[in-house]
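Okay, so the sequence shown: first residue is 820 according to the numbering used here, each after it adds one. Okay, so here's the structure we're looking at.
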Amino acid sequence: MGSGIDATDSHAIDLAPPYPVLIAAELKNLLEPTQLVDLDITWLTGDQPTPKGEWVAIIPLLTRWMGGTEFKNLPKLRIVANCAVGYNNVDLVAAEMRRVLVTNTPGVLTDATADLTWALILATARRLLEGIDLVRSGRWTGWEPEQLLGLDLRGRVLGLFGAGRIGQAVGHRAPPFGLRVLYAARTAKPDFERETGARRVDTMELLSASDIVSLHVPATPETKGMINSETLSRMKRGAILINTSRGDVIREEALAMALELGHIGAAGLDVYTDEPHIHPRLFAAPRTVLLPHIGSATEETRRKMATIALANVQCVLAGKPPLTPVY
Ligand code: NAP
820 MGSGIDATDS HAIDLAPPYP VLIAAELKNL LEPTQLVDLD ITWLTGDQPT PKGEWVAIIP
880 LLTRWMGGTE FKNLPKLRIV ANCAVGYNNV DLVAAEMRRV LVTNTPGVLT DATADLTWAL
940 ILATARRLLE GIDLVRSGRW TGWEPEQLLG LDLRGRVLGL FGAGRIGQAV GHRAPPFGLR
1000 VLYAARTAKP DFERETGARR VDTMELLSAS DIVSLHVPAT PETKGMINSE TLSRMKRGAI
1060 LINTSRGDVI REEALAMALE LGHIGAAGLD VYTDEPHIHP RLFAAPRTVL LPHIGSATEE
1120 TRRKMATIAL ANVQCVLAGK PPLTPVY
């Protein structure tokens, strides 16, 4: 992307406060009234379409598409302050053409999402859901030597596809479990390698050598559909696939088929292609742990995300550069 947008340019702010802004209504409880000074807020619920009008800023949820039509309908818009680190809900080219800044909330959700990734790794490796179901159903008849045998982590290989903030945080948690770490990313991470013993490999080696593959890439034209029948077939028989990045990275029908055939041993997923719809075949597939996109869902983290999104808006309204632009 080019860098041609300047928060201080003439299109910036030709209004006096209170500034008309749109904010996702679902964020209301996460923001303090003192943070909302100088704003004339229209709270927008998730089921309302993006309106036409004179608003100068929007803080949408990641489920709201912001593209050419939305920018055309909001001619005074200066900033889309996404309340997420991913920003695949925003058409960046259309935003730049309209000279609209786009920001995200990197960093503050790294630990929460890495923790949830580990919850999925442990839940799939140790067959947690099947155990919970067995107990709850009343069918459990007592300790058995071969009941719900899972995977020992010690000595296995964790493959990180993407090793940015979250991928590395997941990798840093691996040595205490005795896992060796491989990663694939566009650039080498020497500090990460030194700190964790991780080794950089190409994507195909990552898939074929890992017992657990965990996805940490953004959804981009290069990564969309990257996990498909061909790449799944390269994975070790019985390997575990974890996805806390974006649903688009996986072809869900292909994954369901690989789970049905037992080629993939288990899948732990937090994100889906067409949320909240989950592909029916994936829904029914064996050994899946399916979560409702809660990677960053801790109270502290969600408050920090909302606060950063709002701070980005306040900066731009004050004629200053935003704190966390996406480009
Ligand atoms: P990040 O710091 O930008 O890291 C992204 C990583 O992906 C980088 O290592 C990057 O490589 C790598 N990458 C990008 N394109 C690639 C490609 N074509 N081939 C190989 N590697 C590629 O992002 P992050 O903060 O870790 O977040 C990762 C994603 O997690 C976000 O984009 C978001 O979609 C998702 N997320 C989900 C939740 C949730 O609730 N489940 C919460 C937070 C984030 P380089 O380092 O070489 O650039």
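Glycine residues also receive a C-beta, built at the ideal position from the N, C-alpha and C atoms. Just so we're clear, the structure is a prediction, and the values are computed from it rather than from any experiment.
Pick from the options: whose alpha carbon is nearest that of residue i?
i	options	result
A1077	A1104, G1066 and T1120	A1104
Y1170	E845, L858 and Q854	Limits of the chain in this structure are 820 at one end and 1146 at the other, which puts residue 1170 out of reach.
L1101	I1069, L1129 and A1125	I1069
D1067	F996, N1047 and A1058	N1047
A900	T1126, G1138 and A1137	T1126
T924	P994, T1006 and P879	P879
G905	G950, G983 and W959	G983
P1049	P1037, P1040, E1072 and S1033	At residue 1049 the sequence reads Glu, which differs from the Pro that was named. Of the candidates P1037, P1040, E1072 and S1033, the one whose C-alpha sits nearest the C-alpha of E1049 is E1072.
E965	G950, G1138, V912 and T1092	G950
Y1146	M1023, D930, V912 and T932	V912
I940	L1074, R918, V1032 and E845	V1032
T1022	M1045, T869 and L1080	M1045
T929	K1139, G887 and T1117	T1117
E1041	R1005, G1057, F1011 and W862	R1005
N907	L948, K1043, P894 and T1015	K1043
R1013	Q987, F996 and A1038	Q987
D833	L1051, P894, A1075 and A938	P894
E1119	R946, A931 and A1038	A931
R918	L948, G887 and W937	G887
Taking the alpha helix (DSSP H) that residue i belongs to, which residues open and close that run?
i	result
R1013	P1009 to T1015
R985	Correcting the residue identity first, residue 985 is Ile in this sequence and not Arg. Looking at the DSSP string, the run of the alpha helix (DSSP H) that includes I985 is R984 to H991.
V921	That residue, V921, is in no alpha helix (DSSP H); its beta strand (DSSP E) goes L920 to T922.
S1027	T1022 to A1028
N892	G887 to N892
A913	L911 to M916
L1051	S1048 to R1053
Are the CB atoms of residue i and residue j nearer to each other than 8 Å?
i	j	result
G981	S1115	no
W874	V927	no
A944	L970	yes
L1209	R1121	Nothing can be reported for residue 1209, as the shown portion of the chain is limited to 820 through 1146.
I985	H1035	yes
A835	G865	no
I1083	L1060	yes
C902	A1128	yes
V976	D1030	yes
L1001	R1018	yes
L968	A1003	no
R992	A1085	no
T1107	L1080	no
T869	E845	no
P994	G978	no
L953	W962	no
To which residues of the same chain is residue i closer than 6 Å at the C-beta, ignoring the five residues directly before and after it?
i	result
P852	none
N892	K871
I877	L841 and V899
T922	A900, N1131, P1141, T1143 and P1144
R999	V976
K1008	A982
K1123	V927
V909	M885, V899 and V921
R946	L967 and G969
W937	R992
Return the first residue and the last residue of the beta strand (DSSP E) that residue i is part of.
i	result
L979	V976 to F980
L998	Counting along the chain, L998 falls outside any beta strand (DSSP E), and DSSP gives it neither H nor E.
N839	Rather than Asn, the amino acid found at residue 839 in this sequence is Pro. Unbroken beta strand (DSSP E) run through P839: Y838 to A843.
I1083	I1083 to L1088
V904	V904 -> no beta strand (DSSP E), and no H or E assigned at all.
T1143	Element bounds for T1143: n/a, residue is neither H nor E.
V1032	I1031 to L1034
A1038	Neither: A1038 is in no beta strand (DSSP E) and is coded neither H nor E.
W874	From DSSP, W874 is part of no beta strand (DSSP E); its letter is neither H nor E.
T861	L858 to L863
L1060	A1058 to N1062
Who are the near neighbours of residue i in its chain, counting only those whose CB is closer than 8 Å to its CB and skipping five residues on each side?
i	result
E1094	T882, G1066 and H1112
S829	Note that S829 has pLDDT 41, beneath the 50 cutoff, so the model's placement of it is unreliable and the number below is only indicative. Hits under 8 Å: none found.
R1092	With the sequence shown as reference, residue 1092 is identified as Thr, and Arg is not the correct amino acid for it. Within the same chain, T1092 has close Cβ partners G1066, D1067, I1069, E1071 and H1098.
S1027	R1053, M1054 and K1055
K847	W862
L1163	Since the first and last residues shown for the chain are 820 and 1146, residue 1163 lies out of range.
Leaving out the 5 sequence neighbours to the left and right, which residues in its chain are closer than 7 Å to residue i when beta-carbon positions are compared?
i	result
I860	V840 and I842
L935	T1063, D1089, I1113 and G1114
F1011	A982, Q987, G990 and A1017
G997	L972, R973 and G974
| message | So within the stretch 929-965, which uninterrupted alpha helix (DSSP H) runs reach at least 4 residues, ignoring any that extend past its ends? | response | As far as the stretch 929-965 is concerned, its whole alpha helix (DSSP H) runs of at least 4 residues are 929-944 and 947-956.
| query | Fully enclosed by the stretch 1068-1121, which alpha helix (DSSP H) runs are 4 residues long or longer? | reply | 1071-1079 and 1099-1103
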